[in-house]
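If you read the protein sequences in the order shown, they are chains D and B.
Taking the working numbering, I'd label the letters of the first sequence as residues -4 to 263.
Taking the working numbering, I'd label the letters of the second sequence as residues 2 to 344.
Ideal placement from N, C-alpha and C gives every residue a C-beta, glycine not left out.
For clarity, every value in this text was computed on a predicted model and none was experimentally measured.
Below: the structure, in structure tokens.
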Amino acid sequence: MSAAAAAFLPYREFALKAFARESTYRVEVFSNVGSVVLRVYLFRSLWTALYAQNAAPSGIPLHAMLTYATVALLMSLILEVDGTRAIRDKVREGTIATDLMKPISLPLYFFSDGFGQTVFHALMILPALLLSLLLVHIDVPSPAALAAFALAFALGYLVNFFLNFLMNVVAFWTLETFAIQLMIRWASDLLSGQLLPLAFFPGLLGRVVSDLPFAAIYSTPLRIYIGELPPSGWLEAFGAQLLWLALFSASAFAIWRFAERRVVVQGG
Amino acid sequence: MSIIETRDLRKVFRSVKRTPGALGALRTLFTREYVDRVAVEDVTMSLEAGELVGYIGPNGAGKSTTLKMLTGILVPTSGYVSVAGLVPHEQRMRNARNIGVVFGQRSQLYWDLPLIESFELLRAIYAIPPARYKQNLAEFTSLLEMEAFLSTPVRQLSLGQRMRGDFAAAMLHDPRIVFLDEPTIGLDVVAKESIRNFIARVNSERGTTFILTTHDLADVERLCRRIVLIDTGRLIYDGEIERLKEQYGTHRTLVVELCEPCGELAVEGAEFESREGNTARFRFDRHEISADQLIRRVADRYAVEDVSIEEPELESIIRRIYVEGYQDPDARVAAVPAGAAPA
Chain D
-4 MSAAAAAFLP YREFALKAFA RESTYRVEVF SNVGSVVLRV YLFRSLWTAL YAQNAAPSGI
56 PLHAMLTYAT VALLMSLILE VDGTRAIRDK VREGTIATDL MKPISLPLYF FSDGFGQTVF
116 HALMILPALL LSLLLVHIDV PSPAALAAFA LAFALGYLVN FFLNFLMNVV AFWTLETFAI
176 QLMIRWASDL LSGQLLPLAF FPGLLGRVVS DLPFAAIYST PLRIYIGELP PSGWLEAFGA
236 QLLWLALFSA SAFAIWRFAE RRVVVQGG
Chain B
2 MSIIETRDLR KVFRSVKRTP GALGALRTLF TREYVDRVAV EDVTMSLEAG ELVGYIGPNG
62 AGKSTTLKML TGILVPTSGY VSVAGLVPHE QRMRNARNIG VVFGQRSQLY WDLPLIESFE
122 LLRAIYAIPP ARYKQNLAEF TSLLEMEAFL STPVRQLSLG QRMRGDFAAA MLHDPRIVFL
182 DEPTIGLDVV AKESIRNFIA RVNSERGTTF ILTTHDLADV ERLCRRIVLI DTGRLIYDGE
242 IERLKEQYGT HRTLVVELCE PCGELAVEGA EFESREGNTA RFRFDRHEIS ADQLIRRVAD
302 RYAVEDVSIE EPELESIIRR IYVEGYQDPD ARVAAVPAGA APA
């Protein structure tokens, strides 16, 4: 085994353990699936009623809108897993000290732990999808668009991870991150395109919103999926995602170095 | 070369000064006044490989702060620290491979998973060679009698079982130095004894260096030859327990059971210490008065039901040092008043 592979081994193990741990909370997982399916039903009723009043606002036809809303909900099964929440808890309880006494990189630990959780929750997409199909019709794009969607989703996942990381690492200074989390969560729900397509924002506001980092999380993959973003615009969209990813990950690692240096463990 | 060495180690915590009251809280938001609190001051010590040292002090004395600097998670304000040839806070990851840590108050095991899975995880973290891992696991499982609960989720373990798991977890990677922070807290006598045996055995068979921080001085008496005493951040004694006992050992305590309650208690040649109900305690120096003499004096004055003499225990010696400060007869370490000013 090469040195690089050996160095990677603990992190694979963290992911596997996180996966195993998540699977011990089955009730929570099933209720997540139930909640997503319920929301698919609500969104179908809501959008259908809205479209009855005003056919195709902002040029998105009803079937595409329902596809958008349903795929967004299925994506949320993965994107709402916050593997970095452990940072806040560990800092507050002081257990971060024990972790720092191990020969591991904690940012990578949180990433692999979060990834293990994610994989488990991703398995829940299948039952949620099958149940949703009983309620709505979901458009299936071309294989090329599907592949581009997958790539954009992966990049959005990473942007989302580092955004969460930055929010939670604030705990090193404030111990409490609830207010910040809530603010960013609200902004993100609205501005990421999770609840409604960013095309609904008018004029200048719409342009500003689609240039914000939140758009990289839901809006970019979803616009590719429903075909609102034509293949000619894909590269530019990936570029924007990569830019945010580079910016967020670089600041996350930089801030982490600071944070590690100022560990004042609580109640030690 | 010493395996652990500190020179003039110092740690000052700076925190925002808080003014009481609602207005004060508002002011704290806008103005920043700082208060410095010295947690560790000029600690100089060195440990040889294979030593088992008790690191003792009252709450808030600076023990945990010292341990955190030795494990590399806290950066000293000034001074020098070296652990197995490394500067811990500059080489946290490399230092982590040399050390093991056991906290009595918090577990490093995976709460939701069977005990054995935490061990597997540690095998991956420290890249322990498979053969070595198997051998250590087998040895610790039998020494700590963990066979029965290896596959039980940690959250279902009793405190004693969990502590045994934590000990194994801290030592699977053959650390050269192990830090123990109150490892027997809350355990029953049997569990305590089994943990102490384990420590003694690993220390003698593997030559592992231990630093033991505890409030249970029975742990220290059973395991350590040397103790380091710290109070309000300063080192007040560093040496053999025996020496401390000899020095303070001239004092004994006469415990007297009185037949009936009485007012003032005083006996010539001994110092009245305390009284609880009908039990009175006198401290005396055996060079100044013999026990026989003292008992007769007491019996002359009071109606005595029973008497007994207590040998000085480490605990009472340490308690005295906390209150009075340590006076070194050879003045090898400067006498520093600890806690209350000496009388």
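Helix or strand or just coil, what does DSSP make of His252 (chain B)?
strand
Beta carbon proximity, Met70 (chain B) to chain D, threshold 7 Å
no
Alpha helix (DSSP H) segment containing Lys135 (chain B), residue limits
Pro131 to Leu144
Can you list, in chain order, the residues of its chain whose CB lies under 6 Å from that of Val190 (chain B), leaving out five sequence neighbours each side?
Excluding positions up to five away in sequence, the list is empty.
Taking 7 Å as the CB-CB limit, is Arg83 (chain D) close to chain B?
no
How should Gly61 (chain B) be labelled, buried or exposed, when 16 other C-beta atoms within 10 angstroms of its C-beta is the threshold for buried?
exposed
Jot down the residue ranges of each uninterrupted beta strand (DSSP E) in the region 60 to 108 of chain B, minimum 3 residues, whole runs only, in chain order.
79 to 84 and 100 to 104
From Glu23 (chain D) to Asp167 (chain B), what does the alpha carbon distance come to, in whole angstroms?
29 Å
Through-space distance from Tyr220 (chain D) to Ala139 (chain D), alpha-carbon basis
10 Å
Nonlocal neighbours in the same chain, by C-beta distance under 7 Å from Gly58 (chain B), ignoring five residues either side
Excluding the 5 residues flanking it on each side, Gly58 (chain B) has same chain C-beta neighbours closer than 7 Å at Lys64, Leu230, Ile231 and Asp232, in chain order.
Kindly provide the ranges of any beta strand (DSSP E) runs that are 3 or more residues long and lie completely inside the region 163 to 213 of chain D, ordered along the chain.
none
Cutoff 7 Å: Glu8 (chain D) Cβ touching any chain B Cβ:
Residue-level contact by beta carbon holds for Glu8 (chain D) and chain B, with a gap shorter than 7 Å.
Could you tell me which residues DSSP pairs with Leu10 (chain B) in its beta bridges?
B:Val44
Does the pairing of the region 112 to 130 of chain B with the region 2 to 18 of chain D give three or more beta-carbon distances under 8 Å?
Segments in contact, yes.
Option in D:Ala211, D:Phe38 and D:Tyr20 with minimal Cα separation from Met119 (chain D)
D:Tyr20
Cβ-based neighbour list, Pro226 (chain D), same chain, cut-off 8 Å, excluding 5 preceding and 5 following:
Ala139, Ala140 and Ala143
Flag this pair as yes or no: are the beta carbons of Ser113 (chain D) and Val154 (chain D) separated by less than 7 Å?
Residue identity check: residue 113 (chain D) is Thr in the sequence provided, not Ser. No Cβ-Cβ contact shorter than 7 Å links Thr113 (chain D) with Val154 (chain D).
Opening and closing residue of the beta strand (DSSP E) in which Phe285 (chain B) lies
Thr280 to Asp286
State the beta-bridge partners of Phe211 (chain B) as determined by DSSP.
B:Leu53 and B:Val179
Applying the criterion that 16 or more other CB atoms from any shown protein chain within 10 Å of the CB defines a buried residue, is Cys225 (chain B) buried or exposed?
By the neighbour-count definition (other C-beta atoms within 10 Å, threshold 16), Cys225 (chain B) is a buried residue.
Below-7 Å beta-carbon distance, Ala232 (chain D) vs any chain B residue:
It does not: the Cβ of Ala232 (chain D) has no partner Cβ on chain B nearer than 7 Å.
Considering only their Cβ atoms, is the gap separating Arg163 (chain B) from Ser108 (chain B) smaller than 7 Å?
yes
Between the alpha carbons of Gly101 (chain B) and Tyr327 (chain B), how many angstroms are there, rounded?
Cα to Cα, Gly101 (chain B) sits roughly 32 Å from Tyr327 (chain B).
For Glu241 (chain B), which beta-bridge partners are listed by DSSP?
B:Arg227
So does the region 86 to 101 of chain B actually touch the region 40 to 57 of chain B, counting three or more Cβ pairs closer than 8 Å?
no
From this set, D:Leu95, D:Val86, D:His132 and D:Glu88, which residue's C-alpha is nearest Met94 (chain B)'s C-alpha?
D:Leu95
Between the Cα of Thr215 (chain D) and the Cα atoms of D:Phe160, D:Ser244 and D:Tyr152, which residue gives the shortest distance?
Ranking the options by Cα distance to Thr215 (chain D), first place goes to D:Tyr152.
Under three-state DSSP, which class holds Glu272 (chain B)?
strand
Tell me whether Ile221 (chain D) sits in a helix, a strand or coil according to DSSP, three-state version.
helix
Option in D:Leu177, D:Leu130, D:Phe148 and D:Arg218 with minimal Cα separation from Arg34 (chain D):
It is D:Leu130.
Any Cβ of chain B within less than 7 Å of the Cβ of Pro98 (chain D)?
yes
What are the uninterrupted segments assigned as alpha helix (DSSP H) that are 4 or more residues long and contained completely in the region 88 to 136 of chain D, given in chain order?
91 to 95, 101 to 118 and 120 to 128
Of the residues D:Met178, D:Val135 and D:Phe157, the one placed nearest Ala247 (chain D), counting alpha carbons only
D:Phe157
Around the Cβ of Ser187 (chain D), are there at least 16 other Cβ atoms within 10 angstroms (buried) or fewer (exposed)?
buried
Please tell me whether Val102 (chain B) has its Cβ less than 7 Å away from any Cβ of chain D.
Closer than 7 Å to some Cβ of chain D, the Cβ of Val102 (chain B) qualifies, so yes.
The beta strand (DSSP E) that contains Val308 (chain B), what's its start and end?
Note, Val308 (chain B): beta strand (DSSP E), Val305 to Glu311.
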